[in-house]
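In the numbering used here, the protein residues as written are 327 to 440. The C-beta atom is built at its ideal place from N, Cα and C for all residues, glycine as well.
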Ligand code: 5GP
Ligand code: ZN
């Protein structure tokens with residue numbers, strides 16, 4: 327989608343520190359990390375957010391979670407635990423309207439979120 331920053335990262339038009347990619351998904355370091363490890367996992371396909379998933383997109387989410395779990399293992403934060411987050415809409419804290427899964431870890435995270 328034109329003017330979508332994550333579509334541009336997926337196409338390679340905008341650079342990012344890409345940590346994993348396959349035909350359907352991409353993972354890259356968040357530009358403004360909120361924890362020692364802060365990675366975003368996105369589908370290459372433009373989907374606005376988790377609320378906009380169609381039945382045919384449901385498998386994408388499983389692939390995104392699996393990729394995040396693998397990254398957590400590979401980057402040494404899995405044993406201590408980590409957080410996987412989908413922000414949905416403005417009250418949910420979503421700023422970029424292209425589906426993304428946050429992988430946060432590498433420190434004790436607070437709960438509840440602000
Ligand atoms: P949201 O608030 O929409 O759930 O999260 C969007 C995330 O995307 C934020 O954590 C923000 O730091 C990250 N972000 C926004 N623009 C860019 C960018 O151009 N490159 C990268 N790597 N991350 C971005
Ligand atoms: Zn997009």
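Put simply, the backbone Cα of residue 418 is about 20 Å away from that of residue 431.
At a Cβ-Cβ threshold of 8 Å, residue 409 and residue 425 do not count as neighbours. Judged by beta-carbon spacing, residue 352 lies beyond the 8 Å limit of residue 376, meaning their Cβ atoms are not closer than that value.
Per DSSP, reduced to three states, the secondary structure at residue 347 is strand. Non-local C-beta neighbours of residue 340 in its own chain, meaning closer than 8 Å and more than five positions away in sequence, comprise 331, 334, ordered along the chain. Relative to the non-hydrogen atoms of ligand 1, the Cβ of residue 335 comes within a distance shorter than 7 Å of at least one. The Cβ atoms of residue 394 and residue 429 sit closer than 8 Å to each other.
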